[in-house]
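J.: Here it is, the structure in full.
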Amino acid sequence: MLEPGSQAMDTFGRQLLEAGSHSRSTLMSFPSGHAAVAFGLAASLGWYFPAGRPAFIALAILASLQRLFSGAHYLSDICIGAALGLVGAWLCMPKPQARDFEPMG
109 MLEPGSQAMD TFGRQLLEAG SHSRSTLMSF PSGHAAVAFG LAASLGWYFP
159 AGRPAFIALA ILASLQRLFS GAHYLSDICI GAALGLVGAW LCMPKPQARD
209 FEPMG
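Structure follows, in structure tokens:
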């Protein structure tokens with residue numbers, strides 16, 4: 109399977125096995141799950157509670173910035189995570205039906 113000298117090990121694993129040769133961000137996941145959940149939750153809550161949208165967005169941004177400033181993720185990890193969270197929220201939101209657009213009366 110994967111021998112220590114195999115091409116796959118050289119490509120994907122050797123850097124992670126060397127102690128001290130990488131930053132904390134090297135070991136963290138892509139995309140940021142924290143950003144995905146924060147922005148997905150902000151979008152969902154904003155849909156149901158429009159008055160709270162500014163607060164929900166601000167909290168999602170703060171949660172994402174915390175991951176960036178703590179060195180847990182790169183900016184690209186956070187941006188992609190936020191985008192995935194927004195797409196996930198959009199997919200779960202109720203879609204308008206044809207009956208919603210029929211004239212009343």
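In terms of my numbering, the sequence shown opens at residue 109 and continues consecutively. C-beta atoms are modelled at their ideal positions from N, C-alpha and C, and glycine is treated no differently.
1) My output table needs one value for residue 205: the three-state DSSP class, helix, strand or coil.
2) Could you give the DSSP three-state label for residue 154: helix, strand or coil?
3) With the cut-off set at 8 angstroms, would you say residue 197 and residue 148 are in Cβ contact?
4) Is it a yes or a no for the stretch 138 to 147 touching the stretch 184 to 204, going by three-plus beta-carbon pairs under 8 angstroms?
5) As a quick exercise: from 156, 138, 137, pick the residue whose alpha carbon is nearest that of residue 200.
6) Would you kindly work out how many angstroms separate the C-alpha atoms of residue 154 and residue 174, rounded to a whole number?
7) Mind checking residue 171: buried by the 16 CB within 10 Å criterion, or exposed?
8) Could you check if residue 168 is buried or exposed, using at least 16 other CB atoms within 10 Å of its CB as the buried criterion?
T.: Taking the coordinates as given:
1) coil
2) helix
3) yes
4) yes
5) 156
6) 21 angstroms
7) buried
8) buried
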